[in-house]
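Protein chains in written order, with the UniProt record's numbering: chain E, 1 to 236; chain Y, 1 to 265.
For reference, the structure discussed in these notes is given below.
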């Protein structure tokens, strides 16, 4: 809907709140990549930056919620405008959560740099993080362009992230069984992988919000779930 | 444990009270209503919304033949009440209007006492044989109009001496005194303050238990608050008619969306 509101300040309010979301999205994307990078390069300084940066993401989410509450109270939005405000609040919450996971990755990186690296793991985690970051970027593009097809595409790609997580889960299990001295590092790495897998779920939820925003309906089909680690117990 | 569901607002499909098919209205050469088909359900509040001049009031006035009073007005198509054509020459418009009551934008009490305002309709329709019966009808109507407690000690005072909100509720009491089956309301709150508006809205919600209510309103929020079904009119066409929740969260027609979100349509 490209038509402008008769009351121009209404458009400005709606644009402002969406600009906040995009700003948040940019910060979160950077946090994901930098968290993975700090792990791979054993860069304690970059990890510290990610940990500190989470505060501004949280602050932005709070502003999104305040602006959304104000808009609801003062403008009583309906139809597409209402869905915009509702989705902005949910996407804000998803982004904030992804930011928390990135922060947690950076925290664990701080511990992992003190230990012997587990071979190949950091690279695999970075690839997984890059996949999620690319999904997030597309989900946010789908949001700005109101593109439900791109959103649906992102939604289906979460499958790949789940599979990467499954593979890493097995790998860490093998490392731990081979040598119990790997357990501490592998536990941290596993939590990191799990964090990224959860990020993917939040990106999926953002995509679903985009579909709701544009079509007025949540996607009904179940998307494929590939995280089977809670069902299948590999290696035993 | 029992779930605590939200207050039920869905329009469960009910019996159709008024049905319009291929309704057209002309004022001289002006084509005011174009081929409108609509089913108005019993015990449901139906809201008509749309920009000024879209025909919503004109259509509302067709439902109790108020347009008969306008010489140049011509109505085509069929409108039925409980399956009977209300434009049938055998139908007496006065009897029809007793069944299909109306409340107008500006409170318009008769220059009579509060009591006589309400008693007028029942008297001319011979609904009461004794004064006691009439008293009962007046009290019941005023109670239903949520006005009884405020006026019971001064029923002989002139109706015009009440406040605007009270006058409007008096008009509603007057409209329900003849035990109508349908109540048409043309912008009933536009001259009222927010408190009186809330009282009238609460009243509309109560009336829904017994009547089919059709309300024309310029306040989209009011339509959203009081109605179960909403019809959007634009340039004489019925653009969209559906469940109120759906119209206000996910309208199907872009013209509806433009109008309710305050965009230039």
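Glycine included, every Cβ here is placed at the ideal spot set by N, Cα and C.
| Asked | Found |
| --- | --- |
| Chain Y contacts from the UniProt domain "PhoU" (21 to 109) of chain E (Cβ-Cβ distance under 8 Å) | 76, 77, 78, 79, 80, 81, 82 and 83 |
| Nearest neighbour of residue 111 of chain E, chosen from E:218, E:25, E:43 and E:5 [CA to CA] | E:43 |
| Residue of Y:30, Y:72, Y:109 and Y:70 minimising C-alpha distance to residue 318 of chain Y | There is simply no residue 318 of chain Y to check, as chain Y begins at 1 and stops at 265 in what is shown. |
| Cβ distance (whole Å) where residue 32 of chain Y is taken to contact residue 227 of chain Y below 8 Å | Not really, about 23 Å apart at Cβ, beyond 8 Å. |
| Residue 130 of chain Y - containing alpha helix (DSSP H), residue span | Segment: none, residue 130 of chain Y is in no alpha helix (DSSP H) and carries neither H nor E. |
| Classification of residue 236 of chain Y by the beta-carbon crowding that lies within 10 angstroms, buried from 16 upward | buried |
| Cβ of residue 5 of chain E within 8 Å of any chain Y Cβ | yes |
| Alpha-carbon to alpha-carbon, residue 238 of chain Y and residue 129 of chain E | 52 Å |
| Contact with chain E by residue 233 of chain Y, beta-carbon distance below 8 Å | no |
| is_contact[residue 10 of chain E, chain Y] using C-beta, thresh 8 Å | yes |
| Three-pair Cβ contact test at 8 Å for the stretch 91 to 100 of chain Y versus the stretch 50 to 65 of chain Y | yes |
| Residue 168 of chain E, enclosing alpha helix (DSSP H) - first and last residue | 148 to 178 |
| 7 Å Cβ shell around residue 5 of chain E - same chain, five flanking residues per side excluded | 11 |
| For residue 48 of chain E, the nearest candidate out of E:137, E:31 and E:210 (CA to CA) | E:31 |
| Cutoff 8 Å: residue 216 of chain E Cβ touching any chain Y Cβ | yes |
| Between the CA atoms of residue 177 of chain Y and residue 77 of chain Y - distance to the nearest angstrom | 31 Å |
| Minimum C-alpha distance to residue 161 of chain E - residue among E:178, E:78 and E:197 | E:197 |
| Near-chain E residues of the stretch 181 to 202 of chain Y (beta-carbon distance less than 7 Å), N- to C-terminal order | none |
| Cut-off 6 Å between Cβ atoms - residues of its own chain near residue 153 of chain E, not counting five sequence neighbours on either side | none |
| Reduced DSSP category for residue 16 of chain E - H, G, I as helix; E, B as strand; rest coil | helix |
| Cβ-Cβ separation, residue 96 of chain E to residue 141 of chain E (assumed contact under 8 Å), whole Å | Not confirmed; about 20 Å, so no contact. |
| Residue-chain proximity (residue 220 of chain Y, chain E), Cβ-Cβ < 8 Å | yes |
| Supposed close pair residue 168 of chain Y, residue 107 of chain Y - CB separation, criterion 8 Å | 4 Å |
| Any 3 or more C-beta pairs closer than 8 Å across the stretch 88 to 102 of chain E and the stretch 13 to 28 of chain E | yes |
| Residues from the stretch 48 to 62 of chain Y in contact with chain E, defined by Cβ distance under 8 Å | none |
| Assigned exposure category for residue 114 of chain E - 16 Cβ within 10 Å defines buried | exposed |
| Closest by C-alpha distance to residue 59 of chain Y, when choosing among Y:179, Y:255 and Y:234 | Y:234 |
| Residues within the stretch 157 to 183 of chain Y neighbouring chain E, beta-carbon criterion of under 8 Å | none |
| Beta-carbon proximity check, residue 40 of chain Y vs residue 214 of chain Y, cutoff 8 Å | yes |
| Runs of beta strand (DSSP E) wholly within the stretch 71 to 149 of chain E (minimum 3 residues, chain order) | none |
| Segments of 3+ residues assigned as beta strand (DSSP E) that fall wholly inside the stretch 28 to 81 of chain Y | 30 to 41, 45 to 49 and 73 to 81 |
| Beta-carbon contacts of residue 182 of chain Y that lie in its chain and below 8 Å, excluding the five residues immediately before and after | 17, 18, 40, 63, 64, 81, 99, 100, 101, 211, 212, 213 and 214 |
| Alpha helix (DSSP H) segment containing residue 151 of chain Y, residue limits | 148 to 151 |
| Which of helix, strand or coil DSSP assigns to residue 215 of chain Y | strand |
| 8 Å Cβ cutoff, residue 272 of chain Y in contact with chain E | The requested residue 272 of chain Y does not occur in the structure, where chain Y is confined to residues 1 to 265. |
| Cβ neighbours of residue 134 of chain Y in the same chain (closer than 6 Å, five flanking residues each side left out) | 119 and 128 |
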